[in-house]
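Structure, as structure tokens:
Residue numbers (UniProt numbering), protein chains in the order written: chain P, 1 to 366; chain L, 1 to 355.
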């Protein structure tokens, strides 16, 4: 059974106007009907451009934003219906690593206190019940403190820091070290699932690789499950078993990582892939490039039918602008795509229209 | 290939900030490169390597006090030569915008938020080309159209916040190309943008270089962008160029361990999955002063005691004339097979066990 199952999740933010009468004049459809499931011990990568709703989706899983409708089932419990206190307890198993490592650490708390806070909140650590029975209150407190400290030091050592960090403050660390602290904060509670929201995008290239390798090592050692949210397709593909591509609040394609790279089916995925720079001049000079025209439409007023039809070079006259495509299995195992014409695009029956794309550079042979 | 006389020749550029009480900071420490007509030169490096300070020094945009700039940057326009670092502020103002233009990283903070786009574009036309009124407006609309902004007449009246990120960057590029500058400096022009928009902007820059023959200095941290756009590349580390080469040899046979490390750190979209990344250990703060030895030595897997015998010189590499590195123990091409083994500490550990 999958560890986390999201079904038809919707998060709509109301747009309000007026001072005296607080009217709702519309909604931003940040996440609009996303279904996915994450297997235990695997990594699900969610990729998309800014404004596609990927961060909102991650936050909705932790109920950091209000869910409009749909369900988020973790270990058999629907998180969307849990009350405040029950949800708070559930967060012990669902932790998050944020994008901005400095912004997500309290500058006035030292590292020891930042990491200890979660343990205290959830009452983790301390002597077992039998041991505690033979202890006095004071002794019990001492034992609890020692145990928690050991857990915190253990988490810090796992991410490559040492007990020296305990008394220091976030500003004393470099960006990469801060991100490691953010990861240690998530680890110390021994969660099942860690949601990594742009875990490396604020870091330098050489540090990015260190953090990505760390995430992988931790997964191997501890059997963690990740939901990695990022805008960088190369990063997502590198770490994920399954990749979901989001566009304007909905998944447009989902496939095992290698399958997605070999046969991207959705026009948006193809455009996105062709836009990612590859550090190799020969590849850069010869590959196909699809330059999309224009920008992302507003999520407050998404286009009817297929959300991508306004920018799609493969757009057809029928269905695309009237009927919203559902994710449906196409091709290999686990490959789902939300496009009416996926098969015909893949076979080359429908050629891309040069008018709708800003430019299409066909890859040279070889 | 470009002409033999470069448009802009930068020699031993150095920028030193006087620290208040904490000693001076050598942000740029002897960087040399040339810009040629119709070619793109890249400056690549991580944060703190001095790439942005280099661009500000060339544009004369460093603060007037507390900074010492050394070296020379000779701009050839027609038959006259001018050292950008020694020009008077007034002369510099005449050059900026007309001969030299710059595109900044963050288009929202480099556009004036309370002035319509149109006025910001016409301002430069009035200052340098003497266009006024409807003529200036028409030219501005033409410029916006040329950089791919649809409906330019309407956009001229709009404010920066009404434009999307990609559109703002296009407006900024329109302002930069307004007077057909000979030299253009782009400082991380696509870092704040999404990849599909980044691809649009990079194509636009490529077109400008090939059509107008502008010399472009591209400053970026992204080796992928460099691979697609730049002709000649300088890899900077701690204020000095550690490797300079045309792009093919740089990516095919990188010789400096830092370049090798950078390339090994990037997850590649086209690499088989499961191939581990080989990061550089430590962070950019773990440096030693160039005067004591190689600044990269504390993070380097190739380092020996020779690395600490004073500053390493830029030497020509075996692979080609234009390819040079600042390293006493460069990565030789024959070693490349062992590269993955050398770079990854865990694998090195395995080797020791087996031995």
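Glycine included, every Cβ here is placed at the ideal spot set by N, Cα and C.
Using a Cβ-Cβ cut-off of less than 8 angstroms, give me the residues of the segment 266-281 of chain P that come near chain L, in sequence order. 271, 272, 273, 274, 275, 276, 277, 278, 279, 280 and 281
Provide the residue(s) that pair with residue 196 of chain P in DSSP beta bridges, ordered along the chain. P/97 and P/228
Residue from P/310, P/227 and P/202 whose Cα sits closest to the Cα of residue 293 of chain P: Of P/310, P/227 and P/202, the residue nearest in Cα terms is P/310.
Does residue 212 of chain P get closer than 8 angstroms to chain L when you measure Cβ to Cβ? yes
By the three-class DSSP mapping on this structure, what secondary structure does residue 368 of chain P have? Because chain P is modelled from 1 through 366, residue 368 of chain P falls outside the range shown and cannot be assessed.
Within the continuous beta strand (DSSP E) that includes residue 8 of chain P, where are the two ends? 4-17
Contact criterion: CB-CB distance below 8 angstroms. Does residue 168 of chain P meet it with respect to chain L? No, because no Cβ of chain L sits closer than 8 angstroms to the Cβ of residue 168 of chain P.
Give every residue of the same chain whose Cβ lies closer than 6 angstroms to the Cβ of residue 17 of chain P, excluding the five residues on either side of it in the sequence, and list them in chain order. In chain order, 23 and 25 place their CB closer than 6 angstroms to the CB of residue 17 of chain P, counting only its own chain and leaving out the 5 sequence neighbours on each side.
Just checking: is the beta-carbon of residue 323 of chain P within a distance shorter than 8 angstroms of some beta-carbon in chain L? Answer no: the Cβ-Cβ gap between residue 323 of chain P and chain L never drops below 8 angstroms.
Looking at the structure shown, is residue 233 of chain L part of a helix, part of a strand, or coil, going by DSSP? strand
For a contact defined as C-beta to C-beta under 9 angstroms, what are the partners of residue 267 of chain L on chain P? 208, 209, 212, 232, 234, 235, 236, 237, 238 and 239
Does the beta carbon of residue 341 of chain L sit closer than 8 angstroms to a beta carbon anywhere in chain P? For residue 341 of chain L, the predicted structure reports a pLDDT of 40, less than 50, and the residue's modelled location is therefore unreliable. A value from the coordinates is still provided. Taking Cβ atoms only, chain P never reaches closer than 8 angstroms to residue 341 of chain L, which makes this a no.
Which residue marks the beginning of the beta strand (DSSP E) containing residue 68 of chain L, and which one marks its end? 67-77 is the span of the beta strand (DSSP E), which, as asked, contains residue 68 of chain L.
So which residues on chain P does residue 227 of chain L lean against when the C-beta distance must stay under 7 angstroms? Listed along chain P are 277, 278, 279, 280, 281 and 284, each with a C-beta nearer than 7 angstroms to that of residue 227 of chain L.
Identity of the residue in P/182, P/73, P/211 and P/162 nearest residue 103 of chain P by Cα: P/182
Compute the Euclidean distance between the alpha carbons of residue 375 of chain L and residue 86 of chain L, then round it to the nearest angstrom. This structure does not reach residue 375 of chain L, given that chain L is present from 1 up to 355, and the question cannot be answered.
CB contact flag (residue 58 of chain L, residue 84 of chain L, <8 angstroms): yes
Are the beta-carbon atoms of residue 29 of chain L and residue 239 of chain L separated by less than 8 angstroms? Cβ atoms of residue 29 of chain L and residue 239 of chain L: closer than 8 angstroms.
Could you confirm whether any beta carbon from chain L is found closer than 8 angstroms to the beta carbon of residue 201 of chain P? no
Given 8 angstroms as the limit, is there contact between the segment 234-253 of chain P and the segment 333-352 of chain P, that is, 3 or more CB pairs closer than that? Yes, the segment 234-253 of chain P touches the segment 333-352 of chain P.
What would DSSP say about residue 287 of chain P, mapped onto helix, strand or coil? In the three-state reduction of the DSSP assignment, residue 287 of chain P falls in the coil class.
Proximity winner among P/64, P/148, P/256 and P/123, relative to residue 36 of chain P (alpha-carbon distances): P/256
Please report the residue range of the alpha helix (DSSP H) in which residue 247 of chain P lies. Run containing residue 247 of chain P: none in the alpha helix (DSSP H); it sits in the beta strand (DSSP E), 242-247.
How about residue 77 of chain L: is its C-beta nearer than 8 angstroms to some C-beta of chain P? So, not an interface residue.
Going along chain L in order, which residues have a C-beta closer than 7 angstroms to the C-beta of residue 258 of chain P? 273
Can you find a C-beta in chain L that's less than 8 angstroms from the C-beta of residue 289 of chain P? yes
Residue 284 of chain L touches chain P at which residues, Cβ-Cβ below 9 angstroms? 174, 204, 206 and 207
Beta carbon proximity, residue 111 of chain L to chain P, threshold 8 angstroms: no
Can you find a CB in chain L that lies within less than 8 angstroms of the CB of residue 104 of chain P? no
For residue 200 of chain L, count neighbouring C-beta atoms within 10 Å of its own C-beta (all shown protein chains included) and say buried if the count is 16 or more, exposed if not. buried
Comparing C-alpha positions only, which one of L/294, L/300, L/66 and L/292 sits nearest to residue 278 of chain L? L/300
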